[in-house]
Amino acid sequence: MARGEADGPRWIEMPSIPDEAGMAIEPGENYHDLADRYPDAPVSRGTGDAIVHRAVLDDITGVPMVMDWVSDGDLVIVEMSRMLSRELELQTAVEKLRGFVEDDLCGEVVRLGNSRLLLLPSN
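According to my numbering, the sequence shown holds residues 7 to 129 in order.
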């Protein structure tokens with residue numbers, strides 16, 4: 007037992023696992039936030055692979071990024087609850103996404119509850 011006290015978890019030191027700062031899980035933390043650790047991680051794509059993006063739209067300015075993801079063939083779950091109070095902006099964003107996905111890409115837009123959309127590309 008290399009770390010901790012006798013009443014805690016048993017740790018086995020492994021030379022293949024680097025002991026870098028920031029790699030340990032802090033007390034009360036249940037998981038590593040991979041987005042913080044690898045903000046620009048390369049995602050390799052193979053034939054038939056699917057990438058699922060989660061987007062939270064604060065306003066209509068985020069729509070082009072969502073459209074880029076769908077045009078790349080990725081699935082996107084869009085959370086729009088922050089726009090619900092701005093009805094005109096919400097309708098404009100939904101119509102832009104629907105028109106692009108369904109009309110231009112021949113994909114599908116699926117409503118998930120009152121505040122989310124699932125955008126599915128054609129392939």
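Every residue, glycine too, gets a C-beta built ideally from N, C-alpha and C.
Inset, instruction - Let me know if LEU40 comes out buried or exposed under the rule of 16 or more other beta-carbons within 10 Å of its beta-carbon. - result: exposed
Inset, instruction - Compute the distance between the beta-carbons of SER121 and GLU85, then report whether it is under 8 Å. - result: Contact: yes.
Inset, instruction - Could you tell me whether the Cβ atoms of PRO127 and GLY113 are closer together than 8 Å? - result: Yes, these two residues count as a Cβ contact at 8 Å.
Legend entry - According to DSSP, residues forming a beta bridge with ILE3: One cannot answer for residue 3 here, as it falls past the ends of the chain, which runs 7 to 129.
Inset, instruction - Output yes or no for whether 8 Å exceeds the beta carbon distance between LEU81 and VAL116. - result: no
Inset, instruction - For ALA99, count neighbouring Cβ atoms within 10 angstroms of its own Cβ and tell me buried if that reaches 16, exposed if not. - result: buried
Legend entry - Simplified DSSP assignment, three categories, for GLU114: strand
Inset, instruction - Helix, strand or coil for GLU5, going by three-state DSSP, please let me know. - result: A query on residue 5 cannot be resolved here, the shown segment of the chain reaching from 7 to 129 and no further.
Inset, instruction - Take PRO70 as the anchor and find which of LYS102, ASP42 and MET89 has the nearest alpha-carbon. - result: LYS102
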